[in-house]
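Here the structure is laid out as structure tokens; the discussion comes afterwards.
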């Protein structure tokens, strides 16, 4: 089977969903359906074509009869809040990219499978789905898993670094700090944020200390480091690109 034979469905056409679509096109993968209850097809065209951070889509995108037309190919569009109502099976979808940020557990992803999809890839850390980071633990993927997580952006940055350092020198304990671009969950200007007062400060005006689950997630993809890492984040006024700093106490001399 070639990459062009692989049929993909995307649930959630936000930042990650749209960029996954772009990457899929570059790799020759076939996206056959997109679902987002808050974005109609006409608006999808506009959001997909123009990206303030990553630039204009270089291909052709339009809409016809409620479908997306991307580089001449029709992509079905749905606006279902319940994933079980998305006809993945009728479209022949093999892999669903779950990028809403809402359905992040095995149980919550079952409706995709019930709707006919064969596998689900969660684009966020998961409490119970097996997490895989390329270059770290992808060899543990057996092919029998139906729901997997690709972890987070910070975990994908931190885990390869931690793996190399741990294999070479042994990590006794470590502290990670990520200088992280602001995200859509933050405020453009100061606003109420009862659970995190500092998080309510204007994203473009402040460096905001925040929590991150990346250190804990690394312990899941590298079991030998489970409980050895902790960390925090600083949300900074940049729209893209983040950096991770890892300070470790080692069991072997460098």
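In my numbering, the protein residues as written are 142 to 395. Positions of the beta carbon are idealized from the N, C-alpha and C atoms, including for glycine.
Let me check understanding here. Comparing Cα to Cα, which of the options lies closest to residue i?
i, options, result
"residue 352", "376, 346, 331 and 343", "376"
"residue 259", "279, 269 and 228", "228"
"residue 262", "245, 275, 256 and 308", "245"
"residue 212", "163, 222 and 176", "163"
"residue 379", "151, 177, 158 and 193", "193"
"residue 168", "355, 294, 148 and 295", "148"
"residue 179", "209, 257, 221 and 191", "221"
"residue 181", "173, 200, 199 and 209", "209"
"residue 281", "316, 347 and 361", "361"
Go to residue i, then tell me how far its beta strand (DSSP E) extends in each direction, as first and last residue.
i, result
"residue 275", "Element bounds for residue 275: n/a, residue is neither H nor E."
"residue 309", "Careful: residue 309 lies outside any beta strand (DSSP E), inside the alpha helix (DSSP H) at 294-310."
"residue 350", "349-351"
"residue 244", "Note, residue 244: premise wrong, no beta strand (DSSP E); not H, not E."
"residue 288", "288-290"
So who's on the other strand from residue i, going by DSSP bridges?
i, result
"residue 386", "318"
"residue 172", "149"
"residue 343", "328"
"residue 236", "149 and 260"
"residue 209", "204 and 216"
"residue 160", "Paired residue(s): none; residue 160 is not in a bridge."
"residue 391", "312"
From residue i to residue j, what does the alpha carbon distance come to, in whole angstroms?
i, j, result
"residue 219", "residue 207", "9 Å"
"residue 340", "residue 373", "13 Å"
"residue 196", "residue 189", "10 Å"
"residue 216", "residue 395", "53 Å"
"residue 150", "residue 343", "35 Å"
"residue 387", "residue 354", "15 Å"
"residue 177", "residue 160", "15 Å"
"residue 326", "residue 231", "34 Å"
"residue 393", "residue 309", "8 Å"
"residue 286", "residue 349", "38 Å"
"residue 295", "residue 279", "17 Å"
"residue 200", "residue 382", "24 Å"
I'd like the span of the alpha helix (DSSP H) that includes residue i, first residue to last.
i, result
"residue 227", "Run containing residue 227: none; DSSP gives neither H nor E here."
"residue 375", "From DSSP, residue 375 is part of no alpha helix (DSSP H) but of the beta strand (DSSP E) over 370-377."
"residue 189", "182-190"
"residue 356", "355-362"
Mind the definition here: the stretch 145-160 touches the stretch 224-241 only if three or more C-beta pairs lie below 8 Å; say whether that holds. yes
Stretch-stretch touch, CB-based, cutoff 8 Å, three pairs: the stretch 273-284 with the stretch 297-315: yes
Please confirm if the stretch 361-371 is in contact with the stretch 327-341, defined as three or more CB-CB distances below 8 Å between the two stretches. no
Across the stretch 247-257 and the stretch 188-204, are there enough close Cβ pairs to call them in contact, namely three or more that are closer than 8 Å? no
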